[in-house]
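Take a look at the structure below.
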Amino acid sequence: MIERCHLAAAEISELGVLSHSTVKSAVSQLGPLKVTRLIVTDHNGLAIYDSATPNTPPPYSYVLFPEIVQALQINNAFSYTYHDGAMESRAATPVISFGALNGCVYMMEYDTTQGALMQSLQNNILAITLVLESVVILFSLAFAKGFDRRMRQIMDSIRIFRDGDYTHRVKISGRDELTFLGDEFNELTERLQKSENKRRQFVSDASHELKTPLASIKLLTDSILQNDMDIGTIREFVGDIGSEADRLNRMSQKLLSLSRIETQADGDCEIIYMGPTVERVARMLSAIAKECNISMELDLKDDCPILILEDDLYQITFNLAENGIKYNIPGGKLTISVHRSEDNAILTVSDTGMGIPEDAINHVFERFYRVDKARSRKTGGSGLGLSIVRSMVERNRGTISVSSVPEQGSTFTVVFPIFDTEEESS
Ligand code: ADP
């Protein structure tokens with residue numbers, strides 16, 4: 001359309017003076033322009049010729065369509081609109097004569113063929129949009145249904161779990177966040193199930209262990225009450241009751257200590273050198289060692305700083321050394337050493353005692369485990385000492401191991417990471 005406007009503008013620009021008659025004859029010479037309406041204005045926008053009324057002479061009126069306004073500012077203008085099934089295109093170009101603006105040519109085309117094309121395009125787009133929208137809605141519904149079903153599965157599992165069935169596991173298909181949630185849930189339930197089993201086992205073991213001294217006390221008191229006894233036997237029985245009570249006391253203290261390890265937060269760890277604490281334990285046990293005729297030897301290197309709860313280090317060393325005396329033989333030896341190996345501080349407690357049989361060595365750290373129940377009971381053992389040691393070692397980032405040769409002795413080795421203050425601060 002712009003081209004056609006240019007053609008008409010070129011023809012009209014040669015007229016010199018623009019008037020209705022000159023423009024009309026120039027337009028007639030252009031041949032068929034195939035436009036619905038042609039308007040020629042002067043440089044002020046005053047219509048000189050309008051193809052809608054080609055024979056109507058002046059007075060003229062101003063035609064200030066947006067395209068005409070633009071053309072009078074010496075620009076080519078084009079716009080189109082589509083309505084009522086037809087395409088309306090508008091174009092305007094300035095008429096320049098001798099380098100000055102002389103007017104403008106405006107053309108408008110009302111095209112129903114293009115309109116029909118647009119209409120069918122519009123219908124097609126509408127149909128495609130509707131189909132797409134329906135597909136999206138169907139997909140959304142299917143997805144929401146699936147999501148809802150899987151979510152309900154998880155909620156049901158949580159409810160079953162809450163009601164106490166720790167064996168229940170959720171099965172979620174797919175590979176999305178809900179599947180991850182299901183996996184996390186299963187892992188959580190597995191852990192809880194394990195810890196619940198452990199707790200049940202602990203409660204049953206503990207009550208079983210407490211039952212034995214209580215039964216002895218009951219038996220001894222019944223014997224005293226039911227039989228005529230001389231004062232010497234009564235004293236002996238009461239003494240036995242006292243030792244059983246002591247055993248109960250020791251056991252309950254160890255149980256408390258175990259539960260404290262499990263429930264307490266890590267507490268205030270401090271950087272300490274192991275030597276002085278080990279010496280303190282040795283001093284504490286020297287009387288019992290002497291009583292049992294066990295010689296004690298210390299080999300303590302003083303380059304082993306570690307980050308630990310001091311009470312824990314004391315208890316670890318105490319339990320291991322006490323066992324080294326308890327399960328030793330008269331005239332035996334207990335050696336405690338502390339040394340450094342690369343970045344580790346190593347505490348070893350060795351004895352020359354009875355040793356631990358091979359089949360028992362993997363169980364000695366279990367709660368209430370005793371190799372020789374009779375001997376352990378006689379020595380006041382509860383089977384809790386080593387499990388306390390292991391829990392304390394692990395909560396202080398250490399490891400513990402044992403090697404033993406029956407009838408020759410055992411060596412317990414505890415390894416803690418060295419805490420070098422200089423290195424750590426740099
Ligand atoms: P207990 O209070 O019975 O000593 P522990 O947990 O300290 O409990 O030890 C568990 C068992 O491991 C003991 O009953 C004992 O049979 C065995 N044991 C521990 N330390 C030694 C050792 N140094 N020598 C031989 N046996 C040991």
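Number 1 in my numbering belongs to position 1 of the sequence shown; there are no gaps in the numbering. Built from N, CA and C at the ideal position, the CB exists for glycine as well.
Quick one: grab the DSSP three-state call for residue i.
i	result
I74	coil
D42	strand
M392	helix
S426	With a pLDDT of only 48 at S426, under 50, the local geometry of the prediction cannot be trusted, and no value is derived from it.
K333	strand
I272	strand
L7	helix
D50	strand
H20	helix
S61	coil
N319	helix
A360	coil
D148	helix
I308	strand
R260	helix
D299	strand
D165	coil
R37	strand
Y80	strand
M87	strand
T56	coil
D505	Here the chain covers residues 1 to 426 and nothing more, so residue 505 does not appear.
F365	coil
I294	coil
M284	helix
E190	helix
P66	helix
R159	helix
V27	helix
Any heavy atom of the ligand ADP closer than 7 Å to the beta-carbon of residue i?
i	result
M284	no
R175	no
D359	no
S243	no
K326	yes
N249	no
L384	yes
R390	no
R397	no
Y369	yes
G331	no
D163	no
M296	no
S401	no
M151	no
V405	no
T186	It should be pointed out that residue 186 corresponds to Asn in this sequence rather than to Thr. Every heavy atom of the ligand ADP is 7 Å or more from the Cβ of N186, so no.
N362	no
S257	no
D372	yes
S387	yes
G381	yes
Looking at the strands, I want to know which residues DSSP matches up with residue i.
i	result
N197	Per DSSP, none; premise fails for N197.
V415	I346, T399
S453	Look at the range of the chain in this structure, 1 to 426, and you will see that residue 453 is not part of it.
D176	DSSP, once it has assigned bridges, lists no residue as partnering D176.
P94	C104
R340	A345
Can you round the beta-carbon distance between residue i and residue j to whole angstroms, since I take them to be within the 8 Å contact cut?
i	j	result
G409	G353	5 Å
I39	L18	I39 to L18, Cβ: 12 Å. No contact.
T93	V105	6 Å
L255	L384	7 Å
What are the start and end residues of each continuous beta strand (DSSP E) run of 3 or more residues lying completely inside the stretch 199-241, in chain order? none
Let me know the beta strand (DSSP E) ranges lying completely inside the stretch 96-134, each 3 residues or longer, listed in chain order. Listed in chain order, they are 100-111.
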